[in-house]
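To keep things clear, I will list the structure first and then write my remarks on it.
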Amino acid sequence: MPCPYIGRMSDRENEIISTVSYIQGKVGFREPPFSLQAFFEAFPHYQLEAARLPRGFHGEILVKGEWRLVRYRVESKGPAVRFTIAHEIGHGFLHADEEFVCRISTTFRLFGKKPADPVEWEADYFAAELLMPMPMVNRLARKRLDAESLSAEAKRLARVFGVTVPLMRARLQDLVRMRTFEVKMA
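So in the numbering used here, spot 169 of the sequence shown is number 614, and the numbers just go up one at a time.
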């Protein structure tokens, strides 16, 4: 039986998943965490730089021909910066010749309210799928997730995937919704 979630996806969402899958295959991503270092080695026309960005902005991508310069807030550290970098990489692949300075979502939800700017939602979706692919999250998450276990599972999987706890909690909330939908369809 086809997955009902996939059947409901828009063409653009399918295009994003396809692009992410291509990148993950080229990098050899099989188990978390996704290696940003391996990405930059596999895609040498992408460069990475810490920068002093205007207050309130987390990252940006600068474009010159085929070159892409991904810049992130110099003060950012660890898991938060990984999502920012993945978000900007998303812009590079999805919005080819445009430059962006971004405020990054800290709790991206696939089933949440979409922001006014669909381009930013697409980059967030790309980043979530790149760093925390839903099939992998589903495989590694506890089979039974309820309100009590969700927080503990979010902390555990945030370490595994190298993302923030709020991002992983949001991803698990989406997973719970998908699992509930699949049970109803069975």
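C-beta atoms are modelled at their ideal positions from N, C-alpha and C, and glycine is treated no differently.
I'd like to know whether the C-beta atoms of G504 and T529 end up nearer to each other than 7 Å.
Against a cut-off of 7 Å, the Cβ pair of T529 and G504 comes out as a contact.
Mind checking whether H536 and F545 have CB atoms under 7 Å apart?
Contact flag set, yes.
Would you list the one or two residues that DSSP bridges to Q492?
Note: Q492 sits in a beta bridge opposite L514.
Closest to F517 by CA distance: which of R527, E458, P478, E511 is it?
The question names Phe, but residue 517 is Tyr in the sequence shown. Measuring C-alpha to C-alpha distances from Y517 to each of R527, E458, P478, E511 identifies R527 as the nearest.
In this structure, does DSSP put V526 in helix, strand or coil?
Looking at V526 - three-state DSSP - the assignment turns out to be helix.
Collapsed DSSP secondary structure at R616 in the structure displayed:
Three-state result, R616: helix.
Would you kindly work out how many angstroms separate the C-alpha atoms of R604 and S594, rounded to a whole number?
In a straight line, the C-alpha of R604 is about 16 Å away from that of S594.
Cα-Cα separation, R584 to S480:
One C-alpha to the other measures close to 19 Å.
Under 7 Å, do P478 and T609 count as touching if we go by C-beta distance?
Taking 7 Å as the cut-off, the beta carbon of P478 is found no closer than this to the beta carbon of T609.
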